[in-house]
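When we follow the numbering used here, the leftmost residue of the sequence shown carries the number 263, and every step to the right adds one.
This report refers to the structure that appears directly beneath it.
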Amino acid sequence: MRTFSKRVTFLNPFLLPGMVQPHPPGEFDVLVEEEPLDVMWEAYHRTLTFMVTSQGLTEAYRVNEESLDALISADRAIPANPTSPAPGR
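Structure, rendered in structure tokens:
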């Protein structure tokens, strides 16, 4: 088994599967665990655990890589400050 972590940033509130309400934006740690598969070539099964920390409480949510990537892409597609007037108006 090999384990590493990475940090992701959400610019907008987001909702992971299992969350009751949206979480505020910020930087978050993702714990990645890879288990070797019993095959003739080097291959791994990957699991991700998304760590949310706020107000002294840490919560962990299991999420697959595709879902997390989709949430991050959707977050990036939202314009920054969509309620701000356009420049020059």
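Every residue gets a Cβ at the ideal spot worked out from N, C-alpha and C, and that includes glycine.
Kindly indicate the opening and closing residues of the beta strand (DSSP E) around residue i.
i, result
"D300", "Counting along the chain, D300 falls outside any beta strand (DSSP E), and DSSP gives it neither H nor E."
"V325", "L319 to V325"
"V270", "R264 to F272"
What is the DSSP secondary structure of residue i, counted as helix, strand or coil?
i, result
"A305", "coil"
"L310", "strand"
"L333", "helix"
Check whether the Cβ atoms of residue i and residue j sit closer than 7 Å, and answer yes or no.
i, j, result
"E295", "T315", "no"
"P279", "P286", "no"
"S267", "D291", "yes"
"E304", "M263", "no"
Thinking just about the alpha-carbon of each residue, which of the options is nearest to the one in residue i?
i, options, result
"A322", "W303, M281, T271 and R338", "M281"
"F272", "L278, E289 and E327", "E289"
"N326", "Q283, A339 and F312", "F312"
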